[in-house]
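Numbering (this note's numbering), first residue to last: 384 to 822.
Laid out in structure tokens, this is it:
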């Protein structure tokens, strides 16, 4: 029988032993709780569409921040499941008033071992706002800095794009900010974090050293020289007669061109649809580049470009197939560290080019990849075209071998070892039941 079934012969129905019918605590028994959640869900306007991973309490395990319109929720990871730790509706002290168009960027901006949150809104108000949210001392977040319309010498615009990077190597993550759309010329700025706010240390108007900026420039960050300072990679595949790629080194205060590639990179023929993913795939302390193109050739191509510290060199190129994974035009990739060996790997997903969905891992040994995959299902998670993925370390095992998978109604916790397994599954609400799989 179920917990409260022992009273059936006395004409009393209780779904559990310690039911609400027996007293005022707990407020709801599991059956009542589930029914109340079901009834309330249509009115809550709560989804799992906007999810961000970060270690907000500094315990080495990545947590989850969920943004819904005018609210945020933070769920702590204990290594295998999530528990609600913080809820803020409408605003946090400071204040910062949440809006649906807020964009979040997670990083350790004060170097204390806990992740903070930069939030930017360029469209919900008459002017643009940038805020820095940090630990409030009680497991939540509060606003510690807000910039209205501008920082000194940087005027915000709706299409400002921010990239988290420690460009001065002091242990506090900073921001690169880029805008190629809202002005007559493109701009790039270096915003240094003091731990409690940001200041502009360098702005480039129209040109970076050795690079004429264009509106469709694509930027990525990584420490390509291995000196502890994050650098900038910039790519433009469509606004010139040939594609260009530039590698710009940071000295902490400004950028300089380390290498520029016109049309080719050491055996890789660049195409407009090239997509770049930065990670140290050989474990030498210098960030390398995975480059993927699914549409520029008759077959999909994936390249491994190693950083020499001042340039890039081809290590391996896959055409059509990587060992254990048949590449297709709509493959999507995320940088991971699956086996915790200090070498950057890849998660890969394809939901459109086959009769079913495929999710896999591509593990690097420094010069080549080995792949494993699962199709259609990972445990009880039915893979779908609406799924989004956030690489993280919710286990606290080191590396980046975990995934938060989410869509409107569902959120799952997946582990790769490198085989994929589902750890937790949540439907509409994050709540851990005593029995079953939470749904």
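All C-beta atoms, glycine included, are put in the ideal place defined by N, C-alpha and C.
For residue 429, no beta strand (DSSP E) run applies, since DSSP gives it neither H nor E. Taking C-beta atoms as the reference points, residue 544 and residue 562 count as a pair closer than 8 Å. Here the alpha carbon of residue 508 sits roughly 12 Å from the alpha carbon of residue 483. The C-beta of residue 789 has 16 or more other C-beta atoms within 10 Å across all chains shown, which makes the residue buried. Within the same chain, Cβ atoms closer than 6 Å to the Cβ of residue 807 are found at 464 and 796, the five residues on either side in sequence being excluded.
Scanning the region 651-692 from its first residue to its last, the whole beta strand (DSSP E) runs of 3-plus residues come out as 658-662, 671-676 and 684-690. Inter-residue distance for residue 690 and residue 550 is about 17 Å (C-alpha atoms, whole angstroms). Between residue 631 and residue 615, the C-beta spacing is below 8 Å.
The C-beta of residue 467 has fewer than 16 other C-beta atoms within 10 Å across all chains shown, which makes the residue exposed. Looking at the backbone, the Cα of residue 633 and that of residue 591 are separated by about 12 Å.
Ranking 584, 588, 440 and 812 by CA distance to the CA of residue 566 puts 588 first. Around the CB of residue 422, fewer than 16 other CB atoms lie within 10 Å, so the residue is classed as exposed. Each of 656, 753, 800 and 809 was checked against the Cα of residue 763, and the nearest Cα belongs to 809.
Contact between residue 498 and residue 491 is confirmed by a C-beta separation of about 5 Å, below the 8 Å threshold. Secondary structure note for residue 618: its beta strand (DSSP E) is the uninterrupted segment 614-619. Annotation: residue 771 to residue 794 spans about 10 Å, alpha carbon to alpha carbon. Here DSSP, grouped into helix, strand and coil, assigns residue 420 to helix. Between residue 612 and residue 569, the C-beta spacing is not below 8 Å. Taken atom to atom, the span from the alpha-carbon of residue 573 to that of residue 552 is near 13 Å. The region 477-553 contains no complete alpha helix (DSSP H) run of 4 or more residues. Residue 585: member of the beta strand (DSSP E) spanning 581-588, first to last residue.
For residue 807, the enclosing beta strand (DSSP E) begins and ends at 803-810.
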